[in-house]
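Those sequence lines, one after another, are chains A and B.
FYI, the numbering used here numbers position 364 of the first sequence as 364, with every residue one higher than the one before it.
FYI, the numbering used here numbers position 73 of the second sequence as 1073, with every residue one higher than the one before it.
Note that CB positions come from ideal geometry on N, CA and C, so glycine has one too.
Inspection log for the structure reproduced underneath, given as structure tokens.
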Amino acid sequence: MPTFADHQVEFWIFAFMFGLVTVMGFWAARWRRPDNIHTLEEWGLGGRAFGNWVTFFLLSGDVYTAYTFVAVPTLVFGVGASGFFPMPFLVIVYPMLFVVLARFWSVCHVHGFVTPAEFVRARFGSRTLALGIAMTGILATMPYIALQLIGIEAVFKVMGLPEGWPLTAAFIVLALYTFNSGLRAPALISIVKDALVLWTVLAAFLIVASHSGGWETVFRVAETKYATSPSTSDGLLLPASSQLNYITLAVGSAVALFLYPHTLTGVLASRNRATLRRNLSVLPLYTLTLGVLMLVGFAAILSDIQPIGGDRNTVVPLWFDENFPAWSAGLAFAAIGVGAMVPAAIMSIAAANLFTRDVYKEFIRPEATPAEETLVSKIASLAMKFGAVICILMLNTQFAIDLQLIGGVFVMQTLPAVAIGLFTAWLHRWALIAGIIGGLTTGLVMLYQIPQRGADGNIVREHFGGSAWPLSNLGFDTRSTIYVGVVALAANLIVAALATPLLRAMGVPDGRDRTREQDYVADEGDPTVRRMTELIDGEPTRDQTAAQSLFTPTGGGRHSL
Amino acid sequence: MAEQRRTPGAAPGHPWPPSRPGQWPPHKPEYQASRPTPVRPQRRADASRWHWLLFIPIVVPLLTPLYNRIEPTLLGLPFFYWCQLAFALLASVIIAIVHVATKDK
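Structure (structure tokens):
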């Protein structure tokens, strides 16, 4: 059991980095200070003006969260190759995003959308559908924020800090500067986070490589451990029965990542299409850092790490603690701590924006001014974070993990409306709603059927024990499993595609599509992009003629072919 | 130019673009009416053949039989692990190529 007395150096380095980040978080409100921060575009999207570097830091801070850094190597520690799926997941996601995100950026900038649900409302002309998308997004994001707390808590445990108040204090500070500075705070802090992560990853790789025997010994010891364990699904390579699950998990996670509201918030904050696309070509390299950290999971087997009190999330921090010099371990802990702050801030902002634009302004007070919108969003972001803290402190950790599992399956169901909607408005609005309901039901039923098994193969819990659904439930004689989210999404797509012609044949009217094809390719500098955001923000348009020319087609020369 | 052929002004008897004096070859409305220009499905403004390249970094990392092996090792890492790390470089390079090739669209 680690004690606080042994971890003075680590603690003070952690505390110093935390203090630095706090100062930066509050100062961020002055960074590229706008005339008026009391608009949702400024508070919630950083003025939509982030360039190449800031977008890179923001997106990497968004995607590679503290929980990823803590939980994924732990998974590798436990099962070996099957836990390595985030590697293909975070490679294939970028070429997918490359095609989709530029269109999303353009249409949102032309119309001044801050959330994906606003886009869906305009594209399919359905408030019900948009509300469904917004609620799904909020529900999926909340447990994700809670998971970031689990990441910090693991570090606190290793430093010997008591449970409860340190975590609460850290999150109050985070909540305050997010309230104050909006998306600018995580954007600025993520620079510190990336520097710390890069340092930690390099140090980890070199320390293992320079140990006697290097990586070869690490893998030999790991192989022996998996060979002697009673489980048949672990090993240095994928067993035949795990391959389908590995692939579907990678595909499903990639789809879910794109649809999580916080990813889209990061995307919308970038300055133009080229910034976004350039970043998508560089971000796969960031996956390498996660890849190396996953290998630390194997190194932890060699070091014979025993998780504190059976909490497996402490494996990675414990390995740093044991193998790094004290000051360097402090930096590694800070990397996880700051790595939790950045995504937690972005997620709470994204969920708050969804609430403001798609629930409050749409259903409660349509006449809300931009200043009022911003205030509502700020308060909602506080509520999200405190909800997460209460969830972790009052309920147990396992509950948050279960909710996150369900949330991932849920958020995937918005794919037909959000992603397919970027390319075609063919799907009928009620067919999309039916599809989402079909997908959610399928997903929930399948998750309910999955029991959790202990290391010896006995059933520990009857239901919601994971996301790998055994195909033997269908009567196949196989040990193969499949990721629930992919099956639920397939059910969703089939329902939506079949119901669309049916609804049209019955004469159910389609919603009015308020977007036009050229909206999806508009870029910075096009007249529609700038003026529309000004209008949505409620800034007075300088003259009426400018407002009238909003709906004239944008210049055909640049985007005509 | 493809844009113009679809312009709504192209009603029968009013050829589009309109003939101008001295234009060569002169417009022959009767000839055009007997052989209507084939209607191509409208291509999206940001569509590009280069995007097909993106299928490589999407599909290859999902072909588990390709890399589910120990040998050859690199720096002590089994092939399964370093090969998947290398896919990140592959994806980065291919996305960069597609970005540069389609930048001016």
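Margin query: Give me the chain B residues within the contact set of Ala102/A, using Cβ-Cβ distance strictly less than 8 Å, ordered along the chain.
Written below: Asp1046
Note to self: Here's a check: name, in chain order, each residue in its chain whose Cβ is nearer than 6 Å to the Cβ of Ala334/A, leaving out the five neighbours to either side.
What the structure shows: Phe14, Met17 and Leu196
Next item on the list: Give a single yes or no on whether Tyr144/A has its beta carbon closer than 6 Å to a heavy atom of the ligand SAM.
Entry: Questions concerning the ligand SAM fall outside what the structure shown contains, since it holds no ligand whatsoever.
Notebook entry, point to check: Excluding sequence positions up to five away, which residues of its chain have a Cβ less than 8 Å from the Cβ of Ala1096/B?
Noted result: none
Note to self: Tell me which residue opens and which closes the beta strand (DSSP E) that Thr248/A is part of.
What the structure shows: Unbroken run through Thr248/A is the alpha helix (DSSP H), Gln243 to Leu259; no beta strand (DSSP E).
Check: Using the beta-carbon of each residue, which ones in chain B are nearer than 7 Å to Ala81/A?
Finding: Phe1080
Check: From Ala134/A to Ile92/A, what distance separates their C-alpha atoms?
Finding: 26 Å
Check: Do the stretch 252-259 of chain A and the stretch 401-421 of chain A touch if we need at least three Cβ pairs shorter than 8 Å?
Finding: yes
Notebook entry, point to check: Counting Cβ pairs closer than 8 Å, one from the stretch 378-387 of chain A and one from the stretch 200-214 of chain A, do we hit at least three?
Noted result: no
Note to self: Counting C-beta neighbours from all protein chains within 10 Å, is the total for Tyr286/A 16 or more, i.e. buried, or is it exposed?
What the structure shows: buried
Notebook entry, point to check: Applying a beta-carbon distance threshold of less than 7 Å, which residues of chain C neighbour Thr287/A?
Noted result: Checking the listed chains, one finds no chain C in this structure; the protein chains it contains are A and B.
Checklist line | Beta-carbon neighbours of Arg1069/B, restricted to chain A and to distances below 9 Å | finding: Leu237
Next item on the list: Could you work out which residue in Asp311/A, Ser472/A, Gln449/A and Leu471/A is closest to Arg461/A when comparing CA atoms only?
Entry: Gln449/A
Note to self: Taking 7 Å as the threshold (C-beta atoms), are Ala345/A and Pro186/A in contact?
What the structure shows: yes
Item checked: Closer than 7 Å at the beta carbon, the chain B residues around Gln452/A -> Those within 7 Å of Gln452/A in chain B number zero; the least Cβ separation is about 25 Å.
Next item on the list: Quick one: residues in its chain with C-beta nearer than 6 Å to the C-beta of Arg1069/B, no 5 flanking neighbours on either side, listed in chain order?
Entry: Phe1079
Checklist line | Secondary structure of Gln518/A, DSSP reduced to three states | finding: helix
Check: What does Met384/A reach in chain B if we use C-beta pairs closer than 7 Å?
Finding: By Cβ distance, chain B contributes nothing, its closest Cβ being about 32 Å from Met384/A, past 7 Å.
Next item on the list: With 8 Å as the limit, tell me which residues of the stretch 463-495 of chain A have their beta carbon closer than that to any beta carbon of chain B; keep them in chain order.
Entry: none
Next item on the list: Under the assumption that Val267/A contacts Trp105/A (Cβ atoms under 8 Å), give the Cβ distance between them as a whole number of angstroms.
Entry: 6 Å
Check: So which residues on chain B does Ala274/A lean against when the C-beta distance must stay under 9 Å?
Finding: His1099 and Lys1103
Notebook entry, point to check: Leaving out the 5 sequence neighbours to the left and right, which residues in its chain are closer than 6 Å to Pro317/A when beta-carbon positions are compared?
Noted result: Ala154, Val155 and Val158
Next item on the list: Name, please, each residue of chain B whose Cβ falls closer than 7 Å to the Cβ of Tyr94/A.
Entry: Ala1091 and Ile1095
Next item on the list: Drop a sphere of 10 angstroms on the beta-carbon of Ile145/A, count the other beta-carbons inside from all chains shown, and report buried for 16 or more, exposed for fewer.
Entry: buried
Margin query: Please tell me whether Val296/A and Pro73/A are closer than 7 Å, where the distance is taken between their beta carbons.
Written below: yes
Next item on the list: Mind listing, in chain order, the continuous beta strand (DSSP E) runs of no fewer than 3 residues lying wholly within the stretch 295-378 of chain A?
Entry: none
Check: Roughly how many angstroms lie between the CA atoms of Val445/A and Gln413/A, to the nearest whole one?
Finding: 15 Å
Note to self: Here's the rule I'm using: 16 or more other beta-carbon atoms within 10 Å means buried, otherwise exposed. How should Val1059/B be labelled?
What the structure shows: exposed
Notebook entry, point to check: Who pairs with Phe50/A in a beta bridge, going by DSSP?
Noted result: Ser270/A
Next item on the list: Answer yes or no: does any C-beta atom of chain B fall closer than 7 Å to that of Met159/A?
Entry: no
Next item on the list: Pair every Cβ in the stretch 512-528 of chain A with every Cβ in the stretch 117-124 of chain A, then say whether three or more of these pairs are closer than 8 Å.
Entry: yes
Next item on the list: Would you kindly work out how many angstroms separate the C-alpha atoms of Leu489/A and Ala434/A, rounded to a whole number?
Entry: 12 Å
Item checked: Ser181/A, buried or exposed, once every other Cβ within 10 Å from all chains shown has been counted against 16 -> buried
Item checked: Member of Ala81/A, Tyr177/A and Trp31/A whose CA lies at the smallest distance from the CA of Ala222/A -> Ala81/A
Margin query: I want to verify the contact list: residues of chain A whose CB lies under 9 Å from the CB of Pro1057/B, in sequence order.
Written below: Val91, Ile92, Tyr94, Pro95 and Pro284
Checklist line | Meets three-Cβ-pair contact criterion under 8 Å: the stretch 220-236 of chain A and the stretch 390-401 of chain A | finding: no
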